[in-house]
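Report on the structure given below.
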Amino acid sequence: MGTLTAALAAGVRPILTVSAQEEPHVGTWDLNLAKSTFNPGPPPLRQALTFQAAGPHWTAFVQGIDAAGHPIKSELANLVISFDGRDHPTPNEDYETSAWKRIDSHKYQVVRKRAGKPVLTIVNEVSTDGQTMTITTTGANAAGQPVHIVAVYDKR
-4 MGTLTAALAA GVRPILTVSA QEEPHVGTWD LNLAKSTFNP GPPPLRQALT FQAAGPHWTA
56 FVQGIDAAGH PIKSELANLV ISFDGRDHPT PNEDYETSAW KRIDSHKYQV VRKRAGKPVL
116 TIVNEVSTDG QTMTITTTGA NAAGQPVHIV AVYDKR
């Protein structure tokens, strides 16, 4: 699984689903390639994220077609998480653990680590009107290449 797909996925199996009025991230979001930038590229050909929430626990379902034209494997892209700020195992070619933390009602941060050291920082923010979600990923991949991705999503 590539950095982009893994960087964007976050969640946990909910018992109850919170409504979009209570949590602005909840719902389905389509990647807007024209408004997004990917370094390194290439971007996926198509991607949709669906967020469900149950209190501090979330599930993010990732669907789409990767840059090579293959379906994104949901079993690799959907992660179990909690917004507790602690490191959780999330094996990937670019990192080993992830820690999720709420910043405010429209924003959260994820710090991905390899060998206990931060390698990627992700900030996910929903606009005040609830129609645009921007996921900014910065850091380095396993090859040491700088990563700077600004993925912009439109709410369905």
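The sequence shown begins at -4 in my numbering and counts up one residue at a time.
Yeah, the Cβ is synthetic: ideal placement off N, Cα and C, and Gly gets one too.
Leaving out five residues on either side along the sequence, give the residues of the same chain with a beta carbon under 6 Å from the beta carbon of Phe56. In the sequence shown, the residue the question calls residue 56 occupies position 61. Hits under 6 Å: Thr45, Asn73.
How many Å lie between His52 and Thr127 at the Cα? Working through the sequence shown from its first residue, we reach residue 52 at position 57. Working through the sequence shown from its first residue, we reach residue 127 at position 132. So the alpha carbons of these two residues sit roughly 22 Å apart.
Opening and closing residue of the beta strand (DSSP E) in which Asn34 lies: In the sequence shown, residue 34 corresponds to position 39, counting from 1. Here the beta strand (DSSP E) through Asn34 covers 32 to 34.
Reducing DSSP to helix, strand and coil, say where Leu40 ends up. By 1-based counting over the sequence shown, the position of residue 40 is 45. Note: Leu40 maps to coil in three-state DSSP.
C-alpha gap between Tyr90 and Val105, whole angstroms: Your numbering for residue 90 matches position 95 in the sequence shown. Your numbering for residue 105 matches position 110 in the sequence shown. Their backbone Cα atoms lie some 12 Å apart in a straight line.
Asn119: first and last residue of the uninterrupted beta strand (DSSP E) it sits in: Your numbering for residue 119 matches position 124 in the sequence shown. Counting along the chain, the beta strand (DSSP E) containing Asn119 begins and ends at 112 to 121.
If His101 and Pro19 are in contact, beta carbons under 8 Å, what's the gap, nearest whole angstrom? As a first step, residue 101 is located in the sequence shown; it is residue number 106 there, counting from the start. As a first step, residue 19 is located in the sequence shown; it is residue number 24 there, counting from the start. Taking 8 Å as the upper bound for CB-CB distance, His101 and Pro19 are in contact here, some 5 Å apart.
Only counting the same chain, and skipping five residues up and downstream in sequence, which positions put a Cβ closer than 6 Å to that of Ala110? Mapped onto the sequence shown, residue 110 falls at position 115. Contacts found: none.
Kindly indicate which residue of Asp149, Ala94, Ile144 has the alpha-carbon position closest to the one of Lys112. Counting from 1 along the sequence shown, the entry for residue 112 is found at position 117. With distances taken between Cα atoms, Lys112 lies closest to Ala94.
Any idea what DSSP makes of Leu74, helix, strand or coil? The count along the sequence shown starts at 1 and reaches residue 74 at position 79. Of the three classes helix, strand and coil, the one that applies to Leu74 here is coil, per DSSP.
How far does the beta strand (DSSP E) with Gln58 in it reach, from first residue to last? For the purposes of this step, residue 58 is identified with residue 63 of the sequence shown, where counting begins at 1. Where Gln58 is concerned, the enclosing beta strand (DSSP E) starts and stops at 52 to 60.
Can you name the residues that DSSP bridges to Val106? Counting from one through the sequence shown, the residue named residue 106 turns up at place 111. For Val106, DSSP records a beta bridge to Ala94, Thr116.
With DSSP as the reference, please indicate the residues paired to Leu26 in a beta bridge. As a working mapping, residue 26 is identified with position 31 in the sequence shown. Bridge partners of Leu26: Tyr148.
Have a look at Ala5 and Asn119 and give me their C-alpha separation to the nearest angstrom. Here residue 5 is taken as the residue at index 10 of the sequence shown, counted from 1. Here residue 119 is taken as the residue at index 124 of the sequence shown, counted from 1. Residue placement at Ala5 cannot be trusted, given a pLDDT of 42 that sits under 50; the coordinates are not used to answer.
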